[in-house]
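S.K.: Before anything else, here's the structure in question.
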Amino acid sequence: MSPTIDGGGGIRAVSRAWQVLRAFTPERMSLTLNDLVHETGLPRTTVLRLVETLAGEGLVESGADGRVRVGTSLIAFAAFAEAAWTVPTASLARMRALAAETGETVSLYVREGVRRVVVGQAPSPSTLRHVVEPGDALTMGVGSAAYVLLSLEPPEERERLIGRIAEESGGDPEALRAGADAAAERGWCVTHGQREPGNSGLAVPVPSPAGAVFARPVVLAVGGPTVRFTQDKIPGFVHAVLRCAEDIARTGLPPALY
Numbered sequence: 001m002s003p004t005i006d007g008g009g010g011i012r013a014v015s016r017a018w019q020v021l022r023a024f025t026p027e028r029m030s031l032t033l034n035d036l037v038h039e040t041g042l043p044r045t046t047v048l049r050l051v052e053t054l055a056g057e058g059l060v061e062s063g064a065d066g067r068v069r070v071g072t073s074l075i076a077f078a079a080f081a082e083a084a085w086t087v088p089t090a091s092l093a094r095m096r097a098l099a100a101e102t103g104e105t106v107s108l109y110v111r112e113g114v115r116r117v118v119v120g121q122a123p124s125p126s127t128l129r130h131v132v133e134p135g136d137a138l139t140m141g142v143g144s145a146a147y148v149l150l151s152l153e154p155p156e157e158r159e160r161l162i163g164r165i166a167e168e169s170g171g172d173p174e175a176l177r178a179g180a181d182a183a184a185e186r187g188w189c190v191t192h193g194q195r196e197p198g199n200s201g202l203a204v205p206v207p208s209p210a211g212a213v214f215a216r217p218v219v220l221a222v223g224g225p226t227v228r229f230t231q232d233k234i235p236g237f238v239h240a241v242l243r244c245a246e247d248i249a250r251t252g253l254p255p256a257l258y
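In terms of the UniProt record's numbering, the sequence shown has 101 at position 101, counting the first letter as 1, and numbering is strictly consecutive.
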């Protein structure tokens, strides 16, 4: 029997197994079957079969108390993922220098489907700051980093993505189009209060280094309270972020991006 294919062309069982694994968090490493049914929205019998399959591969384990926990096979995956996505020391040091220079949180983003994912970060030295963590998946519907990522896509792919983003996250197609066009024209983008009221962001593309091509577009951004993103500061921010992007293109990005 051939595997069931979902509407997006993928294998539904794999997507559902991933839903089960994503239900676990650092704060919730032990879940009941009822918890998994609630978190995934899947039928109980489906969740039970998925747990049995995942347990057979060591990705989860079922305890005598009836609770399901993360399994030992994930240790190897975690080590591999860390090696693949760790920002090189020199580049992270340069991002930290930019955070100190601007006073704002510095983040690296790539696009994953219709989400943008944080793959590296240097936090702001201020106590009032923009907070995201590596691995966080944010909307592509709004925000400077989203617009710059869209601007780096070929026109046909960009238009297809705009349609998907609008459908899945409720983004405004015209606003997405205008944001991407403006980012493409200027080579940078700044937005205020789009993803979260009172928070601003400024993003630029990371250029491909000589002799290498990134596996996907990469964006460098600074984010922080809107009250600190005043008009007189923005030109200096743009200059500083562009310089940093050029530097980290030379010092390197996570191995998975090559």
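For every residue, glycine included, the Cβ atom is placed at its ideal position computed from N, Cα and C.
Using 8 Å as the threshold, is the stretch 77-87 in touch with the stretch 32-41, meaning 3 or more CB pairs across them?
M.R.: No, the stretch 77-87 is not in contact with the stretch 32-41.
S.K.: Sort Ala13, Gln121, Ala137 and Ala90 by Cα distance to glycine 113 and report the nearest one.
M.R.: That would be Ala137, whose Cα lies nearest to the Cα of glycine 113.
S.K.: Give me, in chain order, the residues of the same chain whose beta-carbon lies closer than 6 Å to that of proline 173; leave out the 5 immediate sequence neighbours on both sides.
M.R.: Excluding positions up to five away in sequence, the list reads Ile162 and Ala166.
S.K.: Is it true that the CB of serine 144 sits closer than 8 Å to the CB of alanine 203?
M.R.: The answer is yes: Cβ separation under 8 Å.
S.K.: Report the rounded CA-to-CA distance for leucine 33 versus glycine 56, giving the unit in angstroms.
M.R.: For leucine 33 and glycine 56, the distance between alpha carbons rounds to 16 Å.
S.K.: Mind checking if leucine 74 is an interface residue toward chain C, Cβ cutoff 8 Å exclusive?
M.R.: Looking at the structure shown, chain C is missing, and only one protein chain is on hand.
S.K.: What does a CB cutoff of less than 6 Å around valine 131 pick up in its chain, not counting 5 residues either side in sequence?
M.R.: Here the set comprises nothing.
S.K.: When the distance is taken between beta carbons, is valine 47 closer than 8 Å to valine 60?
M.R.: No, these two residues do not count as a Cβ contact at 8 Å.
S.K.: Indicate whether the contact test is met: 3 or more Cβ pairs, each with one atom in the stretch 203-220 and one in the stretch 235-250, closer than 8 Å.
M.R.: The stretch 203-220, when compared against the stretch 235-250, does touch it at the 8 Å Cβ threshold.
S.K.: Can you check whether the CB of arginine 160 is closer than 8 Å to the CB of methionine 140?
M.R.: Not in contact: methionine 140 and arginine 160 (Cβ atoms no closer than 8 Å).
S.K.: Within the continuous beta strand (DSSP E) that includes threonine 105, where are the two ends?
M.R.: First-last of the beta strand (DSSP E) with threonine 105: 105-112.
S.K.: Distance, Cα to Cα, glutamine 231 vs leucine 150?
M.R.: Cα-Cα distance, rounded: 24 Å.
S.K.: Heavy atom of the ligand PLP less than 7 Å from the Cβ of leucine 220, yes or no?
M.R.: The ligand PLP is not among the ligands present in this structure, which contains no ligands whatsoever.
S.K.: Which one or two residues does DSSP pair with leucine 253 in a beta bridge?
M.R.: In DSSP, leucine 253 forms no bridge with anything.
S.K.: Provide the residue span of the alpha helix (DSSP H) that contains threonine 53, from first to last.
M.R.: Where threonine 53 is concerned, the enclosing alpha helix (DSSP H) stretches over 44-56.
S.K.: Might you give, ordered along the chain, the residues of its own chain that have their beta carbon closer than 8 Å to the beta carbon of threonine 53, omitting 5 neighbours on each side?
M.R.: Answer for threonine 53: Ala17, listed in chain order.
S.K.: From Thr226, Gly224, Pro205 and Ala210, pick the residue whose C-alpha is nearest to that of arginine 216; which is it?
M.R.: Cα-wise, what sits closest to arginine 216 is Pro205.
S.K.: Would arginine 116 pass as a contact of proline 123 if the rule is Cβ separation under 8 Å?
M.R.: Contact: no.
S.K.: Rounding to the nearest angstrom, what Cα-Cα distance links isoleucine 75 and proline 26 in this structure?
M.R.: Their Cα atoms are separated by approximately 14 Å.
S.K.: On the CB-based measure, 16 or more other CB atoms within 10 Å of its CB, does proline 43 come out buried or exposed?
M.R.: Exposed: under 16 other Cβ atoms inside 10 Å.
S.K.: Considering only the alpha carbon of each residue, which of Arg22, Ser62, Val51 and Leu108 lies closest to residue 259?
M.R.: As displayed, the chain neither begins before 1 nor continues past 258, which places residue 259 out of reach and without an answer.
S.K.: Would you kindly work out how many angstroms separate the C-alpha atoms of alanine 83 and alanine 175, rounded to a whole number?
M.R.: C-alpha separation (whole angstroms): 37 Å.
S.K.: Going by other Cβ atoms of all chains shown within 10 Å of its Cβ, with 16 needed for buried, is leucine 50 buried or exposed?
M.R.: It is buried - the Cβ of leucine 50 has at least 16 other Cβ atoms within 10 Å.
S.K.: Excluding the five sequence neighbours on either side, which residues of its own chain have a C-beta within less than 8 Å of the C-beta of alanine 210, listed in chain order?
M.R.: None.
S.K.: Pick helix, strand or coil for glutamine 194, following the three-state DSSP scheme.
M.R.: Looking at glutamine 194 - three-state DSSP - the assignment turns out to be coil, as it is neither helix nor strand.
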